[in-house]
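In terms of my numbering, the sequence shown opens at residue 5 and continues consecutively. All C-beta atoms, glycine included, are put in the ideal place defined by N, C-alpha and C. Every value quoted in this text rests on a predicted model; they were computed, and no experiment measured them. Have a look at the structure below, then the notes.
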Amino acid sequence: MNKDINASNNQTRTFFFEVKERSDRLMNYFLISFFLVGLIFARYYDTWLIGFGVGGISLLAYYSTKIALPNSSLYQYVLSTVLGIFMAQFIYQMHGMFEMHFFAFIGSTMLITYQKWKLQIPILIVVVFHHTSFSHLQNIGFSEIYFSTQDYIDLQTLITHLLLASVIFFICGLWAYQLEKYSTLRKLNEEALDKSNQQLRKFNQELEEARQDADQASQAKSIFLATMSHEIRTPMNGVIGMSALLGETLLTDEQRRFNETISTCGETLINVINDILDFSKIESGNLELEREDFDLRRLIEDVLDIFASRAAQPHLNVIYQIQENVPQQIIGDHLRLRQILTNLVGNAMKFTERGEVCVFVHLENTGPDGQVSLRFDIRDTGIGIPEDKLSRLFKAFSQIDSSTTRKYGGTGLGLAISEKLVCLMGGQIWVESTPDLGSTFSFTINTYIGNRNRYTPLQDEKLIPNKLSTSFSKKFPFTILVAEDNQMNQHVILNILRKMGYLPDLVKNGQEAIEAVSQKDYGIILMDIQMPIMDGLETTQIIRKTVIKQPVIIALTANAMTDDEEACMNAGMNDYIRKPFKPEDLMNKLEKWHLVPIEK
5 MNKDINASNN
15 QTRTFFFEVK
25 ERSDRLMNYF
35 LISFFLVGLI
45 FARYYDTWLI
55 GFGVGGISLL
65 AYYSTKIALP
75 NSSLYQYVLS
85 TVLGIFMAQF
95 IYQMHGMFEM
105 HFFAFIGSTM
115 LITYQKWKLQ
125 IPILIVVVFH
135 HTSFSHLQNI
145 GFSEIYFSTQ
155 DYIDLQTLIT
165 HLLLASVIFF
175 ICGLWAYQLE
185 KYSTLRKLNE
195 EALDKSNQQL
205 RKFNQELEEA
215 RQDADQASQA
225 KSIFLATMSH
235 EIRTPMNGVI
245 GMSALLGETL
255 LTDEQRRFNE
265 TISTCGETLI
275 NVINDILDFS
285 KIESGNLELE
295 REDFDLRRLI
305 EDVLDIFASR
315 AAQPHLNVIY
325 QIQENVPQQI
335 IGDHLRLRQI
345 LTNLVGNAMK
355 FTERGEVCVF
365 VHLENTGPDG
375 QVSLRFDIRD
385 TGIGIPEDKL
395 SRLFKAFSQI
405 DSSTTRKYGG
415 TGLGLAISEK
425 LVCLMGGQIW
435 VESTPDLGST
445 FSFTINTYIG
455 NRNRYTPLQD
465 EKLIPNKLST
475 SFSKKFPFTI
485 LVAEDNQMNQ
495 HVILNILRKM
505 GYLPDLVKNG
515 QEAIEAVSQK
525 DYGIILMDIQ
535 MPIMDGLETT
545 QIIRKTVIKQ
555 PVIIALTANA
565 MTDDEEACMN
575 AGMNDYIRKP
585 FKPEDLMNKL
595 EKWHLVPIEK
């Protein structure tokens, strides 16, 4: 605090020092001018001695004081006195001409530049002394002092002149005082502004450093999540893939239950990873919604099919109802809408042991250009939620209490992700619940009516028989190249393709893939991204530039971030399958790209 005050005082003193220096330079010109004016006036009545003598002594007095005491204000008071003496000199030289009195006012005005009202006092004293003494001397007969052109100065005239002069000097002093006050206030404001600017620059620098730290932390988090996802998905692809292949063999009932447990645990772990990745994308603002036509009724049926085994249990009914005026085809991100419904229906199924789980779809309102607002209600007759726990429901990594986590499991991310996705779709989500009676989760989305005849992406994900059959390759014939360096993944992919009736070729890196396509025409290339020697992105770019008959290139990778998918598409790939995958995922893609021409 004291340091800031001292710094402020130093800056103020520096400012007024600059004012003094500037005024001194100005006074040099005025004093020289006054001295020269005295010499000009000397020509009229031959007063050279007065012009050189009085004027020279006045300048000598001023400059000697200033040189002897440069840091003192004394020379400024000497200057004020000298300006009054110059007035008296000019009056004498011009034999009492009335206009010569105005030089006193000129001198008083010049002193304002120092911004010191006290400097008006010496010149005022000189003027008062000169006028009273010289007028008296002239009145008593000393006419050669030349104070006035009048023979006699009465007291009333003298007092009037002195009062008028005092008023002018007072105004000049007041002006100097106000100027000093304004300059001081302005300087303090400038110092405060400069200090604020310095603090602002400091805060901005700290904010920029914090932003850079946050960006680095966010980048590190993204790298960590991508690496974690890749490293977990790679072995899980082997677990889930082998479990699927094992399910195609002859197993006893006990062995089949063991195999289903392995598959369920693997899928649960992948779902946890997917939830964390989705939440990270939403929080960072990197999640963009797709706009595609899809069949709303079919989407709801597909969601309910996921829970078919749970719904088959006694004492539990799962139903859905779509209002008649709800359009069958709508435009939006069907994958994200299905994710929301899967989370909400999954929660309802999880917490409802008996009773019913109902899904209702209503048309809220319509707008121009086919815009519609839809409302979804997911009602259950489960355990319900206490009112004091509702505020925590949509917070990330939060559940009603720890006993809920122990009994029902879950990461607490599903509802948080659903809320974010609903907001991205321009809607709202809320819940009404009564303990022991059940809950109703409702949300709205804004969308558009779709074209009933347009291709719907959901056809890519239609239900496919569990049994892998060689008849599939006859229906959808392809020459397939697999580019994969991981031995476990090679084993999974090749076995799935062979059970589907294909005879795939295998390469272990991008360089081998380029050599393979130069010797043989392939319809499909399943391309891993992270491979030695040459990765999948660079390999794809080379294939797109050099191969005449272009194959369909499908990324088959454990990378699961949005940027990874965009990088694959930008490199020239046609589609994307994330590891771990199920046989039906691969079958859907092969069916999708059958007879689709690829241009170079």
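Residue i and residue j closer than 9 angstroms at C-beta
i, j, result
"residue 446", "residue 433", "yes"
"residue 609", "residue 481", "Nothing about residue 609 can be read from this structure; the chain reaches only from 5 to 604."
"residue 363", "residue 353", "no"
"residue 245", "residue 497", "yes"
"residue 114", "residue 31", "yes"
"residue 41", "residue 66", "no"
"residue 500", "residue 590", "yes"
"residue 24", "residue 97", "no"
"residue 348", "residue 311", "no"
"residue 320", "residue 368", "no"
"residue 242", "residue 584", "yes"
"residue 126", "residue 69", "no"
"residue 191", "residue 19", "yes"
"residue 399", "residue 420", "yes"
"residue 39", "residue 60", "yes"
"residue 494", "residue 507", "no"
"residue 452", "residue 373", "yes"
"residue 142", "residue 149", "yes"
"residue 87", "residue 111", "yes"
"residue 487", "residue 546", "no"
"residue 365", "residue 304", "yes"
Residue from the options with nearest C-alpha to residue i
i, options, result
"residue 158", "170, 149, 135", "135"
"residue 503", "509, 476, 282", "476"
"residue 525", "550, 501, 532, 535", "550"
"residue 441", "421, 388, 521, 394", "388"
"residue 140", "24, 155, 534", "155"
"residue 331", "97, 300, 312, 142", "300"
"residue 240", "99, 570, 490, 593", "490"
"residue 355", "567, 378, 386", "386"
"residue 599", "479, 521, 74, 286", "479"
"residue 454", "427, 338, 430", "338"
"residue 46", "95, 397, 16", "95"
"residue 515", "306, 58, 531", "531"
"residue 296", "341, 493, 548", "341"
"residue 163", "350, 137, 261", "137"
"residue 378", "346, 212, 336", "336"
"residue 35", "63, 56, 50, 17", "63"
Helix, strand or coil at residue i [DSSP, three-state]
i, result
"residue 369", "strand"
"residue 223", "helix"
"residue 409", "With a pLDDT of 44 at residue 409, under the threshold of 50, the modelled position of this residue cannot be trusted, and the question is left open."
"residue 459", "Unreliable placement is indicated for residue 459, whose pLDDT of 38 sits below 50; no coordinate value is reported for it."
"residue 282", "helix"
"residue 537", "coil"
"residue 275", "helix"
"residue 98", "coil"
"residue 467", "Since pLDDT at residue 467 reaches only 37, below the 50 mark, its modelled position is unreliable, and the value read off the structure follows with that caveat. If DSSP states are grouped into helix, strand and coil, residue 467 belongs with coil."
"residue 484", "strand"
"residue 570", "helix"
"residue 255", "coil"
"residue 509", "strand"
"residue 499", "helix"
"residue 320", "strand"
"residue 332", "coil"
"residue 260", "helix"
"residue 58", "helix"
"residue 582", "strand"
"residue 356", "coil"
Any non-hydrogen atom of the ligand SAM closer than 8 angstroms to residue i Cβ
i, result
"residue 346", "As for the ligand SAM, it is missing from this structure, which has no ligand bound."
CB-CB length for residue i against residue j, believed under 8 angstroms
i, j, result
"residue 263", "residue 281", "Not really, about 27 angstroms apart at Cβ, beyond 8 angstroms."
"residue 450", "residue 375", "7 angstroms"
"residue 334", "residue 422", "Not a contact, Cβ separation roughly 18 angstroms."
"residue 231", "residue 562", "No, residue 231 and residue 562 are not in contact; Cβ-Cβ is about 10 angstroms, not under 8 angstroms."
"residue 418", "residue 351", "7 angstroms"
"residue 643", "residue 544", "Residue numbering for the chain in the displayed model covers 5 to 604; residue 643 lies beyond these limits and cannot be assessed."
"residue 286", "residue 185", "Not really, about 59 angstroms apart at Cβ, beyond 8 angstroms."
Under 8 angstroms, with one C-beta from each stretch per pair, do the region 196-210 and the region 130-144 reach the 3-pair mark? no
Checklist entry - Okay, do the region 289-297 and the region 268-275 touch, 3+ Cβ pairs below 8 angstroms being the bar? => result no
Exercise. Hey, is the region 180-196 in contact with the region 107-127, meaning 3+ C-beta pairs nearer than 8 angstroms?
Worked result: They touch, by the three-pair rule.
| message | Measuring CB atoms only, is the region 103-113 touching the region 87-94, in the sense that at least three cross pairs come out at less than 8 angstroms? | response | Using a C-beta cut-off of 8 angstroms, the region 103-113 makes contact with the region 87-94, since at least three inter-stretch Cβ pairs fall below that distance.
With a cut-off of 8 angstroms, do at least 3 Cβ pairs link the region 575-586 to the region 551-559?
yes
> Can at least three beta-carbon pairs, one atom from the region 528-548 and one from the region 212-221, be found at a separation below 8 angstroms?
Replying inline: no
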